[in-house]
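Worksheet for the structure shown next.
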């Protein structure tokens with residue numbers, strides 16, 4: 001998906017899917033992603049409403065050469081939708097590292113619960 005608005009469309013699609021999954025905890029999310037082979041998810045500890053989630057073997061960008069920007073809007077939206085369902089609050093999710101986009105070893109997402 002390319003062009004103006006593609007990033008927002010991918011994020012919102014992921015968020016909608018994340019909401020519809022109805023998962024009760026991050027462990028279920030980790031297992032689902034493993035079963036579907038869409039990434040290896042490593043969530044950190046929830047510290048006062050802040051959480052960091054690393055995605056290894058990201059289905060969107062793993063294996064790409066760095067392009068100079070984060071690419072994984074769909075995954076960010078998916079994490080946001082799942083997290084809002086689990087925490088029962090709005091969240092802000094920001095991709096801070098990216099395998100294919102920026103050359104990091106994982107796609108990392110900071111999650112802040114409102």
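In full-length UniProt numbering, the protein residues as written are 1 to 114.
Just so it is clear, CB atoms sit at the ideal spot from N, CA and C, and this is done for glycine as well.
This structure is a prediction, so every number in the text was calculated from the model and none was measured.
- Query: Whose C-alpha, out of 98, 93, 56, is nearest the C-alpha of residue 30?
  - Reply: 56
- Looking at the structure shown, is residue 76 part of a helix, part of a strand, or coil, going by DSSP? helix
- Which ranges would you report for the beta strand (DSSP E) in the segment 38-73 if only whole runs of at least 3 residues count? 40-43, 50-56
- Going by other Cβ atoms of all chains shown within 10 Å of its Cβ, with 16 needed for buried, is residue 23 buried or exposed? Burial check for residue 23: the Cβ neighbour count within 10 Å reaches 16 or more, so the residue is buried.
- Message: Does the structure place the segment 7-17 close enough to the segment 68-85 that three or more beta carbon pairs sit under 8 Å?
- Response: yes
- Tell me whether the beta-carbon of residue 64 lies closer than 7 Å to the beta-carbon of residue 100. Taking 7 Å as the cut-off, the beta carbon of residue 64 is found closer than this to the beta carbon of residue 100.
- Message: Using only CA atoms, which one of 105, 114, 84, 3 lies nearest to residue 58?
- Response: It is 105 whose Cα lies nearest to the Cα of residue 58.
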